[in-house]
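Below is one structure, written out as structure tokens, with a few remarks after it.
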Amino acid sequence: MAKYLPEPGISSLAGASLADLTGPLGLLEGAGEPSGAFCWSADIDHCISYLNEEVTGLGLAPLSAEGGLDLRALVNGTFALLRLYREALAKLGAMEAEELRRAGELGYLRGRQSKLKAQVEACEREIAAVQSKEQQLQGKNKELLALLRGEKDEVAKLLATLGSRGAQHRHEVRRKEQELSRLKEKMSQQLTDKRDRRAAMEILNCLSRADGRRATWKTGKSLGKKEEEMFRSLLAAQEKQLQELVLENGEQKRLLAQGGEGEPAPEGGATREQLTRSVRDQWCSFKSHLESQVAAGSQRCEAEAGDPVISVTDHDKEIMKLKAEIEDSQQLIALQQQCFQEQLIAAANSELPANLRGSYFLEEQQRLQEELEAFQQQKRAFEEERQNFTEAAIRLGHERKQFEEERALLLKQHFLSTMAGLGPRDPGRRQSAPLAAQAAEQETLPKLKNWNKPTCTPYPKANTPMVLVRSRHLAPSPVTPSTAELFRVLKLIPDNGPPPPAQPNQQSHGQKESHKDTACQTDSEDFWPVSGDLLDRFLDRSF
Numbered sequence: 001m002a003k004y005l006p007e008p009g010i011s012s013l014a015g016a017s018l019a020d021l022t023g024p025l026g027l028l029e030g031a032g033e034p035s036g037a038f039c040w041s042a043d044i045d046h047c048i049s050y051l052n053e054e055v056t057g058l059g060l061a062p063l064s065a066e067g068g069l070d071l072r073a074l075v076n077g078t079f080a081l082l083r084l085y086r087e088a089l090a091k092l093g094a095m096e097a098e099e100l101r102r103a104g105e106l107g108y109l110r111g112r113q114s115k116l117k118a119q120v121e122a123c124e125r126e127i128a129a130v131q132s133k134e135q136q137l138q139g140k141n142k143e144l145l146a147l148l149r150g151e152k153d154e155v156a157k158l159l160a161t162l163g164s165r166g167a168q169h170r171h172e173v174r175r176k177e178q179e180l181s182r183l184k185e186k187m188s189q190q191l192t193d194k195r196d197r198r199a200a201m202e203i204l205n206c207l208s209r210a211d212g213r214r215a216t217w218k219t220g221k222s223l224g225k226k227e228e229e230m231f232r233s234l235l236a237a238q239e240k241q242l243q244e245l246v247l248e249n250g251e252q253k254r255l256l257a258q259g260g261e262g263e264p265a266p267e268g269g270a271t272r273e274q275l276t277r278s279v280r281d282q283w284c285s286f287k288s289h290l291e292s293q294v295a296a297g298s299q300r301c302e303a304e305a306g307d308p309v310i311s312v313t314d315h316d317k318e319i320m321k322l323k324a325e326i327e328d329s330q331q332l333i334a335l336q337q338q339c340f341q342e343q344l345i346a347a348a349n350s351e352l353p354a355n356l357r358g359s360y361f362l363e364e365q366q367r368l369q370e371e372l373e374a375f376q377q378q379k380r381a382f383e384e385e386r387q388n389f390t391e392a393a394i395r396l397g398h399e400r401k402q403f404e405e406e407r408a409l410l411l412k413q414h415f416l417s418t419m420a421g422l423g424p425r426d427p428g429r430r431q432s433a434p435l436a437a438q439a440a441e442q443e444t445l446p447k448l449k450n451w452n453k454p455t456c457t458p459y460p461k462a463n464t465p466m467v468l469v470r471s472r473h474l475a476p477s478p479v480t481p482s483t484a485e486l487f488r489v490l491k492l493i494p495d496n497g498p499p500p501p502a503q504p505n506q507q508s509h510g511q512k513e514s515h516k517d518t519a520c521q522t523d524s525e526d527f528w529p530v531s532g533d534l535l536d537r538f539l540d541r542s543f
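Reminder that position 339 of the sequence shown reads as 339 in UniProt numbering, one-by-one numbering, no gaps.
As structure tokens, then:
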């Protein structure tokens, strides 16, 4: 018992016999039993002297005086011991309750910390998975880029070979044309030479044959037959050469068309139209989705604007933030459309096969898919933050409303108590009906409890800054008006007149009520910063 005594000058219990006892209850129980009796008729003086020493050691009045045992001192000492025992029990119960409450808060905080750690680990695992996927995609992208470079090199080689062969064939065609022109010139020269020879001198007895025989006589009939045969043979040879050249030229044109064009023009136009149509459809769907989201957000803001709990400035900030994000998205989409158009124009200008044209859009499609996933994640995070902020604001409004109701009830009770104690009431005088009703209501009103500190409330992490929430919590409540101000407002006393006299009991009662009101106000004002600081420190340490 001596461990819980508040007096500083009290010594600890002495004696080996008192250490065996468990406390005052053990002493009383031992006194009632004959087997474990503390005092007998033979050693009563010794017991009294022992108890006197113990009581004086505890700082109480001695039980025996010079004349003998003092019964009044015995009763007072027993009562003092009982009071000390009860105070010790009360303090022990309060300490146990406080320890249980702190243990509960500590368990809740540990559970919260474990949940947050689990969330952090899950986020780290997700980040690792996303990084591994990103590395895999980068590896695939590098492989595709290497394949694309190889295909481009092959296409460049094919184009070079086709160009060289085309130049060679053009050179051969030009050479054939030159040969044909020379043959035509020779034929025309021969025709003109034969016409000129008719008028010239002929050599007689010319042995043109190898066998030495004389040629036949050149008559008009024989000369005409030979010329016709010669012309026919020349024309046949020329026609044959022309046919060969035409066939070779057609084959060269066919090879050039296959190597240069890649695929027919109508199919290339169809693919280009299909790509532009798909991009336009995606943009239209994304734009309609954004417009629907903005319209839903504006309607939700207008619906929630009637609630006085949620501030309008926060919604305006969120709307401005959303508009800025939408503008950024529109600019990004415009840039992507421009890039698509440039790539389509480049693909149309560069005569490549159809299986190689789609490789230009792989990287852009992957980037667009990643940006869409990031936008969806940002949208989900914004919805969660807005829901947490709304719940926190509603909870704050309910708590503030409850505090205002309790404060109004306390002010009403204080006002009724001061109205009832204005002056001495005549016992023969009958009280009016409103005052009687007020007195009855005052008697039936329950006593207000002080603002108790909650054990622990969840602290939702919202996008709103902590300074705004704390400024709302720390908003100074209106000061409680005094009795004189209430009387002056209700016109019970003149504005410049002295305050009404009050009896000492009533004055002390009013002072007690005012002290109680100020204590309640101080408790309610000091609660929020203390709990907010403790919660902020815990969250900072946990993260």
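C-beta atoms are modelled at their ideal positions from N, C-alpha and C, and glycine is treated no differently.
Predicted model only: the values in this text are computed from it and were never measured.
For this session: Consider the Cβ of A408: report whether some Cβ of chain B lies at a distance smaller than 8 Å.
Result: Reference to chain B is not applicable here, since this structure consists of a single protein chain.
Problem set entry | Bridge partners - S288, DSSP secondary structure assignment | Paired residues: none, contrary to the question.
Exercise. With 16 as the cutoff for other CB atoms within 10 Å, does G93 come out buried or exposed?
Worked result: exposed
Exercise. For S64, which three-state DSSP category applies?
Worked result: strand
Problem set entry | Where the alpha helix (DSSP H) through A39 begins and ends | A quick correction: the sequence has Cys, not Ala, at residue 39. Where C39 is concerned, there is no enclosing alpha helix (DSSP H), given that its DSSP letter is neither H nor E.
Problem set entry | Alpha-carbon spacing of R395 relative to Q387, whole angstroms | 12 Å
For this session: Going by CA-CA distance only, name the one from A160, D45, K287 and R165 that's closest to N249.
Result: Per the Cα distances, R165.
Problem set entry | 8 Å Cβ cutoff met for I333 and V294 | Not a contact, by the Cβ cut-off of 8 Å.
For this session: Report back the beta-carbon spacing between L245 and K176 to the nearest angstrom; my notes put them in contact at under 8 Å.
Result: Contact holds; Cβ gap of about 5 Å.
Problem set entry | Of the listed residues R112, F231 and K253, nearest to L162 (C-alpha basis) | K253
For this session: Measure the CB-CB distance between Q241 and L158 and report whether it falls below 8 Å.
Result: no
Exercise. Is the beta carbon of S64 sitting closer than 8 Å to the one on I44?
Worked result: no
For this session: Give a yes or no on contact between the segment 51 to 63 and the segment 77 to 87, applying the rule of three or more CB pairs nearer than 8 Å.
Result: yes
Problem set entry | Proximity winner among F415, L144, A374 and H169, relative to E251 (alpha-carbon distances) | H169
Exercise. By how many angstroms is the C-alpha of K91 removed from the C-alpha of L84?
Worked result: 10 Å
Exercise. Taking the alpha-carbon positions, what's the R174 to E151 distance?
Worked result: The C-alpha of R174 lies about 34 Å from the C-alpha of E151.
Exercise. What is the DSSP secondary structure of G166, counted as helix, strand or coil?
Worked result: helix
Problem set entry | R232 burial status per 10 Å Cβ neighbour count (16 or more: buried) | exposed
For this session: Kindly give me the distance between the Cβ atoms of L144 and L362, rounded to whole angstroms, as I take these residues to be in contact under 8 Å.
Result: The pair is a contact, with the Cβ atoms about 6 Å apart (cut-off 8 Å).
Exercise. For C339, which of helix, strand or coil comes out of DSSP?
Worked result: helix
Exercise. Quick one, are the C-beta atoms of Q366 and L137 less than 8 Å apart?
Worked result: yes
Exercise. Within this structure, are the beta carbons of L183 and Q238 separated by less than 8 Å?
Worked result: With respect to the 8 Å criterion, L183 and Q238 are classified as neighbours on the basis of their beta carbons.
For this session: Compare the beta carbon distance of Q337 and W283 with 8 Å and say whether it is the shorter of the two.
Result: Yes, Cβ-Cβ distance for Q337 and W283 is below 8 Å.
Exercise. Is DSSP giving D70 helix, strand or coil here?
Worked result: Here D70 sits in coil by DSSP.
Exercise. In whole angstroms, what is the alpha-carbon distance linking A129 and R380?
Worked result: Their backbone Cα atoms lie some 20 Å apart in a straight line.
Exercise. Secondary structure at G139, three-state DSSP: helix, strand or coil?
Worked result: helix
For this session: Buried or exposed for L51, please, with buried defined as at least 16 other CB atoms from any protein chain shown within 10 angstroms of its CB.
Result: buried
For this session: Would you identify the three-state DSSP class for G93, choosing helix, strand or coil?
Result: helix
Exercise. Going by other Cβ atoms of all chains shown within 10 Å of its Cβ, with 16 needed for buried, is A42 buried or exposed?
Worked result: Exposed.
For this session: Output the distance between the C-alpha atoms of H46 and C39, rounded to the nearest integer angstrom.
Result: 9 Å
Exercise. What is the DSSP secondary structure of L409, counted as helix, strand or coil?
Worked result: helix
For this session: Determine the direct distance from the alpha carbon of E399 to that of A73, and round the result to whole angstroms.
Result: 55 Å
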